[in-house]
Every structure is written in C-alpha cells, then in structure tokens.
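Residue numbers (our numbering): 3 to 277.
Just so it is clear, CB atoms sit at the ideal spot from N, CA and C, and this is done for glycine as well.
In what follows, a structure is listed as structure tokens, so that the remarks can point back to it.
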C-alpha cells in the first residue's frame, strides 16, 4: 500500500486585526485560524491543523505572522500564495494576506521553534489628531514625556515573573518571561506619535498591553514610581495600570535565529515602518 506523503508548509501572513478575535480558534468568535483553515479547504479540499506562532489578542494586528501546516497538496508555493490571497480577498472579503511561503523541514513548528518576537505599540498623545494615524494608535489625551515613559518601561527589561501583567483568564503554566529590550521613540515626521518596540522570548495574554498601560499611567502620574517593583513582588494585577487597547498593537516579526533577533534589537527596529 502506497504511503501518504505529507509536506510541512510554512506561511508568513499579515492582517488587520480589527474584525478578528485573535488568531486561535474559538467556538463562538471569528478568528484568523478559522479564516485560513476555511480558505485552505476551498483551495485544496483538505482539512488541516494550523500551528501558529502566537495566539494574539482580539483586535491585535500582525505584520509578520508565521504558521505551518502539514499537507498532501501538489500545488506549488507560488500557486498556493496566489490561490489563498484570491480566496481571502475575493471570496471571503477578509483583510488577511499571505506574504511568503516555503516547504520546510518536517519537524518545524511555528510556535515551539520561535526564539523571540518583536511587538510594536503606537501611542498618539496630546489633543491634535490625524485622520489616518490617530485611529491606529492609543490616543492618550495628556502630555507624555519620552524620558518618563522609557524610565518606567526600562523596569520591565530582564527576566521577571509577569503574573501581575497577564489577563485573569490566561492559561499559561508558567508566568516567567524574558524581555530583551524596550525602545521608545518619537516618529520623525509626527511628533505626537510615540512608538514602543518590545522584544522578548514570549508573552502572556494581555501582557504587552498591561505593560504599556502601566508605563503610561506612571508617566502621566496616575501611578507611583514603585508600582512595577511592587507588582512583581505581590503578583497582583490590581496593583498595575490599565490594559492598553488592542488596536494599537502589532506583531512585527517572529525570529527563528538568535543572531537575526540580536541584529534587529541592535538596530532598535526603527528601520521598520511604524504603522
């Protein structure tokens, strides 16, 4: 009897998270995983299990999201990308795009083999507005000092127990994570836009949004300077700041080589488009 030969396909996607309840499948909400699974079935008639690099919160965007699946399809990568994009955009009218793809090693796993991730959070502060940019940011109607928010966010760098900075329904078995770098900077063309880049080995549910919310609350004087130290010690979510909104957060890149990530951190990621 002829054995079935599966190939491991790696895909890189991007999407606008506004209409999705995150990546991972949920029984009563529409997710990116469900959308891609449906598109794949239309293209190949296969029902496959997707392995995504991250769950992502509802409403969060992705610029470089990696997933893999095992398939028996004989289609070329070029035909797969063209077919999926056509189905996603024309048939399903969804704001998801497949950027790249390749057949890879059979044991490659998009989540387990990840060495780190880069997220970007956008803040628009003050009382002026921009028709296109402000709605992609968290609009903080207050004065913000770059120095003050960076001083607060610096306290998160390193290996810490982030139990106080995850959502109440987070199911992670361990809450210790390592944040390699946090870089805050002002957009060179729009001084009202503050960009926060965060690199880490992994993140808990709502962790980045809680980190940014706490940093902003400290920078605006709503929380005292010892807030983060006490939150780490007490592991109490009630001791931290607000959870910043999801629509201003983007997964920028997933790294599978340590040297690639180290190079990106060294460049501070500022060469990447801010939104």
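#1: Do residue 117 and residue 263 have their C-beta atoms within less than 8 Å of each other?
#2: Touching or not, the stretch 119-137 and the stretch 201-221, by the rule of three or more beta carbon pairs under 8 Å?
#3: Excluding five sequence neighbours on each side, which residues of the same chain lie with their C-beta closer than 6 Å to the C-beta of residue 172?
#4: For the stretch 97-109 against the stretch 42-58, are there 3 or more C-beta pairs whose distance is under 8 Å?
#5: Report yes if the C-beta distance between residue 165 and residue 268 is below 8 Å; otherwise report no.
#6: Between which two residues does the alpha helix (DSSP H) harbouring residue 37 extend?
#7: Where do the N-terminal and C-terminal ends of the alpha helix (DSSP H) with residue 235 fall, by residue?
#8: For residue 190 and residue 196, what's the separation of their Cα atoms in angstroms?
#9: Which of helix, strand or coil does DSSP assign to residue 69?
#10: Excluding sequence positions up to five away, which residues of its chain have a Cβ less than 6 Å from the Cβ of residue 72?
#11: Going by alpha carbons, who is nearest to residue 199 out of 145, 245, 167 and 255?
#12: Assess contact between the stretch 79-88 and the stretch 59-71, defined as three or more Cβ pairs (one per stretch) separated by less than 8 Å. Is contact present?
#13: Below 8 Å between beta carbons: does that hold for residue 103 and residue 227?
#14: Beta-carbon within less than 7 Å of residue 20's beta-carbon, same chain only, minus the 5 sequence neighbours each way: which residues are those?
#15: Give the range of the alpha helix (DSSP H) segment to which residue 209 is assigned.
#16: Please work out which residues of its chain come closer than 6 Å, Cβ to Cβ, to residue 246, disregarding the five sequence neighbours upstream and downstream, and give them in chain order.
#17: Alpha carbon to alpha carbon, how far is residue 194 from residue 218? Give it in angstroms, no decimals.
#18: Opposite residue 79 in the DSSP bridges: which residues?
#19: Alpha carbon to alpha carbon, how far is residue 243 from residue 261? Give it in angstroms, no decimals.
#20: Taking the beta carbon of residue 186 as the centre, do at least 16 other beta carbons fall within 10 Å, making it buried, or is it exposed?
#21: Just to confirm before moving on: does the CB-CB distance between residue 144 and residue 39 stay below 8 Å?
#22: Would you give the residue range spanned by the alpha helix (DSSP H) that residue 268 belongs to?
#23: Thinking C-beta only, is residue 24 closer than 8 Å to residue 57?
#24: Looking at the structure shown, is residue 199 part of a helix, part of a strand, or coil, going by DSSP?
#25: Between residue 91 and chain B, is any beta-carbon pair separated by less than 8 Å?
#26: Taking only three categories from DSSP, how would you classify residue 174?
#27: Using 8 Å for Cβ pairs, my map puts residue 101 next to residue 44. What's the rounded Cβ distance?
Once the coordinates are examined:
#1: yes
#2: yes
#3: 206 and 207
#4: no
#5: no
#6: 34-46
#7: 229-236
#8: 10 Å
#9: strand
#10: 8 and 10
#11: 255
#12: no
#13: no
#14: 61 and 249
#15: 209-221
#16: 140, 211, 214 and 215
#17: 14 Å
#18: Beta-bridge pairing links residue 79 to no other residue.
#19: 34 Å
#20: buried
#21: no
#22: 260-268
#23: yes
#24: strand
#25: Reference to chain B is not applicable here, since this structure consists of a single protein chain.
#26: coil
#27: Not quite, the Cβ-Cβ distance comes to about 19 Å (not below 8 Å), so this is no contact.
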